Amino acid sequence: MTRQLAVLLVFAASVPGVGMFAQAPTGSERTPGAPLTRSVPAADVATALRMRGTIEKYDVPTRTLSLATANGIVQFRVALMAHVRQHWQYIDVARLEALSGVRAAVRYTEANGAKIVESVHLFGPSERTDR
């Protein structure tokens, strides 16, 4: 009885490990009706980032925001649906043009070298920016 139990345990322990060695079907081995899956290279995946600095300038026609940071001036493209907040109130993106010199925190995505702004939070002189 003990020997049967030992054989059963060895068999049960080896079954879950079989899945580790299975390979995904390639395009020619795909079963009909199964959805196509494609692995996305790491360079194509957008990464959400944040940066703090002072607004250098904003160009309305090209929707380009220049932010002065400790490492120099960084340029961003502002998304059409980007949110801009000042004192917890949303303002129009075009008003960024008149706000050069204001401290800001920018949330953006970066994919393939392009930085696209999702939101901008503007800070007054007495507000903290280290959060």
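Position 21 (the sequence shown) corresponds to 21 in my numbering; numbering is contiguous. Note that beta-carbon positions come from the ideal geometry of N, C-alpha and C, so glycine has one too. Remember, predicted model here, so these are calculated numbers, not experimental data.
So, under 8 Å CB-CB, residue i and residue j are touching, yes? Tell me the CB distance rounded to an integer number of Å.
i, j, result
"A82", "E118", "6 Å"
"T64", "R77", "6 Å"
"E97", "V60", "6 Å"
Looking at residue j and residue i, is the spacing between their C-beta atoms short of 9 Å?
i, j, result
"F123", "A105", "yes"
Grab me the residues of residue i's own chain with a C-beta within less than 7 Å of its C-beta, minus the 5 sequence neighbours each way, in chain order.
i, result
"A79", "I116, V117 and E118"
"V93", "V78, A82 and V84"
For the beta strand (DSSP E) holding residue i, just list the boundary residues, first then last.
i, result
"R85", "G72 to Q86"
Skipping 5 residues on each side, what residues in its chain have a beta carbon closer than 8 Å to that of residue i?
i, result
"G101", "T54 and I55"
"M51", "L67, T69, V74, A105, V106 and Y108"
"A48", "R107, Y108, T109 and E118"
"V18", "Its pLDDT being 47, under 50, V18 is placed unreliably in this model, and the coordinates cannot settle the point."
Quickly, what does DSSP pair residue i with across the bridge? List them, please.
i, result
"A94", "In the DSSP output, where bridge partners are listed per residue, A94 has none listed."
"S66", "K57 and Q75"
"L122", "Q86 and A104"
"L49", "Y108"
Got a sec? Which residues, its chain only, sit under 6 Å from residue i by beta carbon, not counting five neighbours each side?
i, result
"L99", "I55"
"Y58", "L65, L96 and E97"
"H87", "none"
"M20", "Any answer about M20 is weak, because its pLDDT of 45 lies below 50 and its placement is not dependable; what the coordinates show is given next. Contacts found: none."
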